[in-house]
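Written below as structure tokens is the structure these notes are about.
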Amino acid sequence: MLRVTEIFRSVQGESTHAGRPCSFVRLTGCPMRCVWCDSEYTFTGGERMEMEAVLARVRDFGCRLVEVTGGEPLAQRAAFELIQRLCEEGYEVLIETGGYVSTEGVDERACIILDVKCPGSGEAERNHWPNLERLRADKDEVKFVVTDRADWEFTREVVARYDLTKRARAVLVSPVWGAVDLPQLADWVASSGLDVRLQLQMHKQIWGAQARGV
Ligand code: SF4
């Protein structure tokens, strides 16, 4: 059984897969409490669903790409089996994880999109650093959500410490929606000398920051 907040079809809004048709399975619950969290509605509630029912919904959408997200999807043990089943059915599977739970044991066919929590999130102490050492350069991506200059400096330091531009397929730098001066952030990225990628959340630009199920 899985506890599920929503299952929907949309376009992928983030990562190097942005713009692609994608089915999303958003699982309920998260052990973190980032101060800028945009998905607090996943913390509680949700619907208990059989694995087969979740897989059937994904099949109905007909997208080759599937993202398992949350909340923190890996906080549910059954998520590991869901990921495996999706991989076995031939989907290209993305896992959006907040970086607190170990990614060890995730089906190796799935792509990890790993958040590193910056100080401005209030949760930087809870980063599970061994996750960074498991990143694979051919498929995994790492994301820093930046709220201010201190977060940007933290991002630069962690990228250097773990050699992330070589260790990951992409290093994504994303603003806290509505909190960061975008031209300023773009300038920090442009002048960094780092092979990192500024990303804006495409789904929020299309449907607005409050929309759900998109
Ligand atoms: S890890 Fe993600 S879902 Fe959990 S509190 Fe942080 S932003 Fe929200």
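In our numbering, the protein residues as written are 29 to 242.
Each residue gets a CB set at the ideal place from its N, CA and C atoms; glycine is no exception.
Nothing here was measured: the structure is a model prediction, and the numbers come from that model.
### Task
Could you say which of 189, 196, 216, 116 lies nearest to residue 202 if we only look at CA atoms?
With distances taken between Cα atoms, residue 202 lies closest to 216.
### Query
How many Å lie between residue 106 and residue 116 at the Cα?
The alpha-carbon atoms of residue 106 and residue 116 are separated by roughly 15 angstroms.
### Query
Mind checking whether residue 174 and residue 196 have CB atoms under 8 angstroms apart?
No; because the gap between Cβ atoms is not below 8 angstroms, this pair is not in contact.
### Message
Can you tell me whether residue 171 is helix, strand or coil according to DSSP?
### Response
In this structure, residue 171 counts as strand in the three-state DSSP scheme.
### the ligand SF4 heavy atom lying under 7 angstroms from the CB of residue 11
Nothing about residue 11 can be reported from this structure: the residues present for the chain run from 29 to 242 only.
### Task
Use the C-beta contact count for residue 78: other C-beta atoms within 10 angstroms, 16 or more gives buried, fewer gives exposed.
Result: exposed.
### Task
Can you grab the Cα-Cα spacing for the pair residue 51 / residue 111, in whole Å?
If you take the alpha carbons of residue 51 and residue 111, they lie about 13 angstroms apart.
### Task
Whole angstroms is fine: what's the gap from residue 183's alpha carbon to residue 73's?
A direct Cα-Cα distance of roughly 33 angstroms separates residue 183 from residue 73.
### Query
Relative to the C-alpha of residue 129, which residue among 221, 154, 190, 167 is closest?
Comparing Cα-Cα distances from residue 129 to each of 221, 154, 190, 167, the minimum goes to 154.
### Task
State the Cα-Cα distance for the pair residue 176 and residue 66, rounded to the nearest angstrom.
Their Cα atoms are separated by approximately 17 angstroms.
### Query
What are the boundary residues of the alpha helix (DSSP H) that includes residue 158?
Where residue 158 is concerned, the enclosing alpha helix (DSSP H) stretches over 158–161.
#### Entry: Exposed unless 16 or more other CB atoms sit within 10 angstroms - verdict on residue 218
Exposed: under 16 other Cβ atoms inside 10 Å.
### Task
With a floor of 3 residues, list each beta strand (DSSP E) that falls wholly inside the region 111–153, ordered by position along the chain.
Runs of beta strand (DSSP E) with 3 or more residues, each lying fully within the region 111–153, are found at 120–125, 139–144, listed in chain order.
### Task
Pull up the distance between the alpha-carbon of residue 193 and that of residue 240, whole angstroms please.
If you draw a straight line from the Cα of residue 193 to the Cα of residue 240, it is about 32 angstroms long.
### Those residues which DSSP pairs with residue 197 across a bridge
Answer is none; residue 197 lacks a bridge partner.
### Residues near residue 225 in its chain [Cβ-Cβ closer than 6 angstroms; skip 5 each side]
The residues 198, 200, in chain order, have a CB closer than 6 angstroms to that of residue 225 in the same chain once the five nearest residues on each side in sequence are set aside.
### Query
Does at least one heavy atom of the ligand SF4 sit under 7 angstroms from the Cβ of residue 60?
Because some heavy atom of the ligand SF4 lies under 7 angstroms away, the Cβ of residue 60 counts as near it: yes.
### Query
Does the beta-carbon of residue 210 have 16 or more other beta-carbons within 10 angstroms, so that it is buried, or is it exposed?
Result: exposed.
### Query
residue 222 by DSSP, collapsed to three states: which one?
Of the three classes helix, strand and coil, the one that applies to residue 222 here is coil, per DSSP.
### Query
Should residue 64 and residue 149 be called a contact, given that it needs their Cβ atoms to be closer than 8 angstroms?
Yes, the Cβ-Cβ distance between residue 64 and residue 149 is below 8 angstroms.
### Query
With a Cβ-Cβ cutoff of 8 angstroms, do residue 87 and residue 29 count as a contact?
Contact: no.
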